[in-house]
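Chain order of the listed sequences is A and B. Quick note on my numbering: the first sequence kicks off at 219 and runs consecutively. Quick note on my numbering: the second sequence kicks off at 27 and runs consecutively. Only one structure is covered here, and it is reproduced in the block below.
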Amino acid sequence: MTVEAGERAARAERVRAVASGLRDQRGALLPILHAVQAEFGHIDQADLPVLADVLNLSVAEVHGVVTFYSDFRNTSPGRVHLRICRAEACQAVGAEALAEHASAGLGVGFGETTADGAVTLDQVFCLGNCALGPTVQVGERLHGRVNPARLDAILAEAAR
Amino acid sequence: MSERASGSSAQRERAPVQVYVPGDSAARSVGADLMAERLAAVAAAAGRPVQVVRTGSRGMLWLEPLIEVETSAGRVGYGPVAPEDVDGLVAAGLLDGAAHELGVGLVEELPWMRRQQRLTFARVGIVDPRSADDHLAHGGTAGLRAALELSPADVVEQVVESGLRGRGGAGFPTGVKWRTVLGAQADQKFVCCNADEGDSGTFADRMLMEGDPFILIEGMTIAAHAVGATEGYIYIRSEYPDAVATMTAAIETARERRWLGERILGSELTFELHVRVGAGAYICGEETSMLESLEGKRGTVRPKPPIPALAGLFGKPTVVNNVLSLASVPTILTGGAAAYAALGTGRSRGTSVFQLGGNVRRGGIVETAFGITLGELVESFGDGTASGRPVKAVQVGGPLGAYLPADRFDLPMDYEAFAEAGAMLGHGGVVVFDDTADMTAMARFAMEFCAEESCGKCTPCRVGAVRGVETIDRIRRGEDRAANFELLEDLCELMTDGSLCAMGGLTPMPVRSALRHFAKDFGVEAAG
Chain A
219 MTVEAGERAA RAERVRAVAS GLRDQRGALL PILHAVQAEF GHIDQADLPV LADVLNLSVA
279 EVHGVVTFYS DFRNTSPGRV HLRICRAEAC QAVGAEALAE HASAGLGVGF GETTADGAVT
339 LDQVFCLGNC ALGPTVQVGE RLHGRVNPAR LDAILAEAAR
Chain B
27 MSERASGSSA QRERAPVQVY VPGDSAARSV GADLMAERLA AVAAAAGRPV QVVRTGSRGM
87 LWLEPLIEVE TSAGRVGYGP VAPEDVDGLV AAGLLDGAAH ELGVGLVEEL PWMRRQQRLT
147 FARVGIVDPR SADDHLAHGG TAGLRAALEL SPADVVEQVV ESGLRGRGGA GFPTGVKWRT
207 VLGAQADQKF VCCNADEGDS GTFADRMLME GDPFILIEGM TIAAHAVGAT EGYIYIRSEY
267 PDAVATMTAA IETARERRWL GERILGSELT FELHVRVGAG AYICGEETSM LESLEGKRGT
327 VRPKPPIPAL AGLFGKPTVV NNVLSLASVP TILTGGAAAY AALGTGRSRG TSVFQLGGNV
387 RRGGIVETAF GITLGELVES FGDGTASGRP VKAVQVGGPL GAYLPADRFD LPMDYEAFAE
447 AGAMLGHGGV VVFDDTADMT AMARFAMEFC AEESCGKCTP CRVGAVRGVE TIDRIRRGED
507 RAANFELLED LCELMTDGSL CAMGGLTPMP VRSALRHFAK DFGVEAAG
């Protein structure tokens, strides 16, 4: 067995274990997908037949669910995952300009990762911080009243 | 250091000063954690140990991070406090409640607080949300105890009589929904809480879950008793990791206290409660999509009928209510249906939790009886725009709600009054825009958002939203304007009439209201 094939087999085994541990929950697929992504950073195409097998679903059903939800990724994000709120309340205080600043500074669009793998930029519609916008989320951490200068400082801090 | 310590032995013997700093994610987003750390360090260095309790937020978000110090007169507030302000504040006597330019005085006496009627949010910002003892000390579980003294049918009638309507946006009478579920025959029933608070400008569900999670557990447990359900789910959006953590911890604590599980509070009631986390789909705030998602499927809309009250989660009779609806129930059981129904106006009874956001000087939570005017909220509570420029528009009720101009500030916050004005209250979010806002851009965004978030099940929404963006782009570029206005109106009519749910059905509301009230932005003198 090549190294790559060995890694694939090890991942499949681990994905099966995660899924088997949660499958007795009602409607277990979403909790399982969250758990797999938390462990591996993304849901791989090769995970789908394993999940389908554990849950007695078709691969098409699993694929349909994975692709419906914007949280589930098919590649791992950069070391820093930056999400900029583009909903109305943040737009009212300059979110569009902030998004343009981020995109120009990082040289990527929404859904993309910088070439060095440092930052993934995403848009999000509302983080529930509507009185303290513009708001961004770095990983799970919320930042309010973010102007372009503060965003640069937050990214520099996160990169350390 | 040792000299100073020996010199202040009298102070060291004092009990630690009780200090409150919000742990709410909004407060943390502007530096509450760093500030709290600094405060503990500076106070210790000054020989005045403090006990810092992390509460929810009072909802005066322009004051965050807010410090409250327990004094003999009550809690004295200081805000907004940056970490670098802490040394000066402690030196000036913060720990004794002394005056300071950042001081706001007794928090409970602030006009912003005194003018509200906080029922659902009564404990938020006051208690430690992780402490069951704190919950009990502030009247927690009284609603559940009262409900357990009543038969399920009597609990349902209390909720009917209170006039409570769904706070998620649809405004359906909560008690009537419960009556349907109670009357349904099934081997299993569910209670599901919709905490997929995706509307821009709304954050009350999040703040309640982070600030007083036990009230939601209590409301859901009362619902379970009222309809005969044994299992419940709280569907929280993944954008709210702090709310997920707080709710999960509270459920664990509630189990230990026998507020959940078997024989709740010694009664015959059994109810198990679970948190489920969404995955970034706005449409899952629509109740049938949420049920699909809870079942582990794509979050597409189900046609109604059958209604979820009869065939909901896994086809079983299911109560689906918003966070604020369920969290209003303990108060109704404690204070009585009549007292709750005495508040409000017309068919909008009780209090509602309004949320001020966007370009507003004083944003936050305003819980008050229905009937307060839009202008009172934006001008008296909100104090106008953050930028200091004139208010141009407010969007009420989230991304599917109408844009209203300042000359509609006379509108009372009331389900029917808003419907008559071609608008909706929705989940109570009010987003303020100043005169720099381009309403053609906001109309375009409404369509763009719908195109991005449509579940794709029905064509008017899936395709109509994309065509809407294209049409508004052509209008903005000045291409064949008369024909494109007609096309846009036609499209809006089709989406309103032909969509399966409110996503496609209400997206025309912000578009049409922007056209109607801000025709100038579209380069026309008046529009239909």
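C-beta atoms are modelled at their ideal positions from N, C-alpha and C, and glycine is treated no differently.
Chain B within 8 Å of residue i, Cβ atoms only
i              : result
L342 (chain A) : In the sequence as presented, Leu is not what sits at residue 342 (chain A); that position holds Val. Answer yes: the Cβ-Cβ gap between V342 (chain A) and chain B drops below 8 Å somewhere.
D265 (chain A) : no
S288 (chain A) : yes
E306 (chain A) : yes
N365 (chain A) : no
A246 (chain A) : yes
V283 (chain A) : yes
L300 (chain A) : no
L339 (chain A) : no
T353 (chain A) : yes
N292 (chain A) : no
V356 (chain A) : no
H260 (chain A) : no
A322 (chain A) : no
G346 (chain A) : yes
Among the options, the one whose alpha carbon lies nearest that of residue i
i              : options                        : result
S413 (chain B) : B:A72, B:D461, B:L128          : B:D461
G390 (chain B) : B:A275, B:L359, B:G151         : B:G151
C344 (chain A) : B:Q44, B:A276, B:S226, B:R324  : B:S226
P343 (chain B) : B:Y46, B:D436, B:G209, B:T533  : B:G209
A58 (chain B)  : B:P106, B:P75, B:Q44, B:A72    : B:P106
F559 (chain B) : B:L400, B:V550, B:A363         : Here chain B comprises residues numbered 27 to 554, so residue 559 (chain B) is not present and cannot be evaluated.
G448 (chain B) : B:A463, B:P431, B:V458, B:G237 : B:P431
N292 (chain A) : A:A377, A:G245, A:E318, A:G329 : A:G329
H319 (chain A) : A:D334, A:L275, A:P352         : A:P352
C-beta neighbour in chain A for residue i, strict 8 Å
i              : result
V150 (chain B) : no
Q421 (chain B) : yes
D225 (chain B) : yes
S55 (chain B)  : yes
S35 (chain B)  : Note that S35 (chain B) scores 48 on pLDDT, short of 50, meaning its location in the model is unreliable and no value can be drawn from it.
S374 (chain B) : no
F544 (chain B) : no
R30 (chain B)  : For R30 (chain B), the pLDDT reaches just 44, beneath the cut-off of 50, and the residue's location in the model is therefore unreliable, although a value from the coordinates is still provided. With 8 Å as the cut-off, R30 (chain B) does not count as an interface residue toward chain A.
S319 (chain B) : yes
L350 (chain B) : no
V457 (chain B) : yes
A449 (chain B) : no
S378 (chain B) : no
Whether residue i touches residue j by CB criterion (8 Å)
i              : j              : result
L87 (chain B)  : A41 (chain B)  : no
S539 (chain B) : Y366 (chain B) : no
V186 (chain B) : V116 (chain B) : no
A270 (chain A) : V298 (chain A) : no
L136 (chain B) : T247 (chain B) : no
E127 (chain B) : R101 (chain B) : no
S321 (chain A) : V272 (chain A) : no
A353 (chain B) : I501 (chain B) : no
R281 (chain B) : L291 (chain B) : no
D516 (chain B) : T466 (chain B) : no
F290 (chain A) : Q255 (chain A) : yes
I243 (chain B) : A276 (chain B) : yes
E393 (chain B) : T377 (chain B) : yes
Buried versus exposed call for residue i [16 or more other C-beta atoms within 10 Å across all chains shown]
i              : result
T338 (chain A) : buried
A335 (chain B) : buried
Q263 (chain A) : exposed
R141 (chain B) : exposed
D122 (chain B) : exposed
A305 (chain A) : buried
G245 (chain B) : buried
Q37 (chain B)  : For Q37 (chain B), the pLDDT reaches just 49, beneath the cut-off of 50, and the residue's location in the model is therefore unreliable, leaving the point undetermined.
A223 (chain A) : exposed
Cβ-heavy atom distance, residue i to the ligand MG, below 7 Å
i              : result
A173 (chain B) : In the structure shown, the ligand MG is absent, as is every other ligand, since no ligand is present at all.
Checklist entry - Three or more C-beta pairs closer than 8 Å, one from the stretch 540 to 550 of chain B and one from the stretch 521 to 529 of chain B: is that the case here? => result No: the two stretches stay apart, fewer than three of their Cβ pairs being nearer than 8 Å.
Checklist entry - On the three-pair Cβ rule with 8 Å, is the stretch 226 to 243 of chain B touching the stretch 44 to 61 of chain B? => result yes
Checklist entry - Is the stretch 214 to 229 of chain B close to the stretch 338 to 354 of chain B, with three or more CB pairs under 8 Å? => result yes
Next on the checklist: Contact between the stretch 471 to 488 of chain B and the stretch 396 to 416 of chain B is defined here as three or more beta-carbon pairs at a separation below 8 Å; is this criterion met?
Outcome noted: The stretch 471 to 488 of chain B is not in contact with the stretch 396 to 416 of chain B.
Checklist entry - Is the stretch 430 to 450 of chain B close to the stretch 461 to 472 of chain B, with three or more CB pairs under 8 Å? => result no
Checklist entry - Below 8 Å, can you find three or more Cβ-Cβ pairs linking the stretch 343 to 361 of chain A to the stretch 264 to 271 of chain B? => result yes
Checklist entry - Using 8 Å as the Cβ pair cut-off and three pairs as the minimum, do the stretch 165 to 179 of chain B and the stretch 246 to 260 of chain B touch? => result yes
Item to check | Three-pair Cβ contact test at 8 Å for the stretch 144 to 162 of chain B versus the stretch 65 to 85 of chain B | outcome: yes
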